[in-house]
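Undergrad:
Numbering (this note's numbering), first residue to last: -11 to 255.
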């Protein structure tokens, strides 16, 4: 329970952003709790593509004394479109690093298996109720639960309750114009070097390849017949569909590469 005079943050989402927020509050000496919907945190074999860490975030990593460790697991991409260069890391490895860098006693503030059901505001702060019946009380809620955020939806609902004419975002704010196949290779394609970046563009389709020291990440985007606000995951990708969508538009060094089983197709 939270008293009225003690500041406490409730972080919703235990991904990279939520764990970075945990490090920030820990360093600042602010009480916090992290609520993660998944039943586990920082699983080594978890899926996920590469994460690009831009210069502004690298500066934050340095302030949190995490930069050296991040650079050790990532690859510095050659400066080009971003001033000062940037670092790409594999998402599961970044998650493990951020989780492992927290002291044992601070990890006790991280709770997996906590799916937020509703957020309420009170005179003293906020109340977060989870689907398992548990309740967290605090001063603020930090939404770190991704693009399709439950926190955002709750904020929208609260704003409309207080003022039906409030300027709020659409209930489904994001418009998708493409579907995307993404994943990573089990080893760098022949002829590529860490830091290589390849872009290819065609009629209604594009591809991207980013070469790291241990992994190479790829992405193929195909324009949809019509834009959509609906989120869709394609759970099965047939070999024929994969070859028809991706291979004709891939860089030659990628066409003969062995891929992991973690290919995903989504809008």
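Glycine included, C-beta positions come from ideal geometry on N, C-alpha and C.
What you are looking at is a predicted structure, and each value in this text was computed from that prediction instead of being measured.
#1: Note down, in chain order, each residue of its chain lying with its Cβ closer than 6 Å to the Cβ of residue 83, except the 5 sequence neighbours on either side.
#2: Using only the alpha-carbon positions, how far apart do residue 171 and residue 80 sit?
#3: What is the DSSP secondary structure of residue 108, counted as helix, strand or coil?
#4: Between which two residues does the beta strand (DSSP E) holding residue 165 run?
#5: Taking the alpha carbon of residue 73 as the point to measure from, which residue in 85, 43, 50, 205 has its own alpha carbon closest?
#6: Which of the three DSSP states, helix, strand or coil, is assigned to residue 207?
#7: If I measure Cβ to Cβ from residue 101 and keep anything under 6 Å in the same chain, skipping five residues before and after, which residues do I get?
#8: Jot down the residue ranges of each uninterrupted beta strand (DSSP E) in the segment -11 to 64, minimum 3 residues, whole runs only, in chain order.
#9: Going by alpha carbons, who is nearest to residue -1 out of 65, 45, 140?
#10: Got a sec? Which residues, its chain only, sit under 7 Å from residue 199 by beta carbon, not counting five neighbours each side?
#11: Thinking residue 216 and residue 154 are a contact (beta carbons under 8 Å), I'd like their distance in whole angstroms, please.
#12: From which residue to which residue does the alpha helix (DSSP H) around residue 126 run?
#13: Given that a residue counts as buried once 16 or more other Cβ atoms are within 10 Å of its Cβ, and exposed if not, what is residue 191?
#14: Are the Cβ atoms of residue 148 and residue 99 separated by less than 7 Å?
#15: What residue from 201, 173, 167, 204 has the CA that sits closest to residue 213's CA?
#16: Thinking C-alpha only, which one of 114, 55, 38, -4 is nearest residue 203?
#17: Using CA coordinates, which residue listed in 53, 125, 88, 4 is at the minimum distance from residue -5?
#18: Tell me which residues share the same chain as residue 201 and place their Cβ nearer than 6 Å to its Cβ, disregarding the 5 neighbours each side in the sequence.
#19: Looking only at its chain, what residues have a beta carbon closer than 7 Å to the beta carbon of residue 160, apart from the 5 residues adjacent to it on each side?
TA: Reading off the structure:
#1: The residue labelled residue 83 in the question sits at position 95 within the chain shown. The answer, listed in chain order, is 30.
#2: The residue labelled residue 171 in the question sits at position 183 within the chain shown. The residue labelled residue 80 in the question sits at position 92 within the chain shown. Rounded to whole angstroms, residue 171 to residue 80 spans 13 Å at the Cα level.
#3: The count along the chain shown starts at 1 and reaches residue 108 at position 120. Residue 108 falls in the strand class under three-state DSSP.
#4: Residue numbering aside, residue 165 sits at position 177 when the chain shown is read from its first letter. Run containing residue 165: 164 to 172, per the beta strand (DSSP E) assignment.
#5: Along the chain shown, one-based indexing puts residue 73 at 85. Nearest option by C-alpha distance: 43.
#6: Translated into positions along the chain shown, residue 207 becomes position 219. Of the three classes helix, strand and coil, the one that applies to residue 207 here is strand, per DSSP.
#7: Translated into the one-based positions of the chain shown, residue 101 becomes position 113. Only 27 meet the Cβ criterion.
#8: -4 to 0, 19 to 23, 38 to 41
#9: If you number the chain shown from 1, residue -1 lands on position 11. Per the Cα distances, 140.
#10: The sequence position of residue 199 within the chain shown is 211, counting from 1. Closer than 7 Å at Cβ, skipping near neighbours: 176, 180, 181, 182, 183, 184.
#11: Your numbering for residue 216 matches position 228 in the chain shown. Your numbering for residue 154 matches position 166 in the chain shown. Residue 216 to residue 154, Cβ: 26 Å. No contact.
#12: Translated into the one-based positions of the chain shown, residue 126 becomes position 138. Residue 126 -> not in any alpha helix (DSSP H); beta strand (DSSP E) instead, spanning 123 to 126.
#13: For the purposes of this step, residue 191 is identified with residue 203 of the chain shown, where counting begins at 1. So residue 191 ends up on the exposed side.
#14: As a working note, residue 148 is residue 160 in the chain shown. As a working note, residue 99 is residue 111 in the chain shown. No; because the gap between Cβ atoms is not below 7 Å, this pair is not in contact.
#15: As a working mapping, residue 213 is identified with position 225 in the chain shown. If we check each option's Cα against that of residue 213, 167 comes out closest.
#16: As a working mapping, residue 203 is identified with position 215 in the chain shown. The option with the nearest alpha carbon to residue 203 is 38.
#17: Residue numbering aside, residue -5 sits at position 7 when the chain shown is read from its first letter. The candidate whose alpha carbon is nearest that of residue -5 is 125.
#18: Stepping through the chain shown from its first residue, residue 201 is reached at position 213. Closer than 6 Å at the Cβ level, and outside the excluded window around residue 201, lie 63, 182.
#19: Working through the chain shown from its first residue, we reach residue 160 at position 172. Contacts found: 217.
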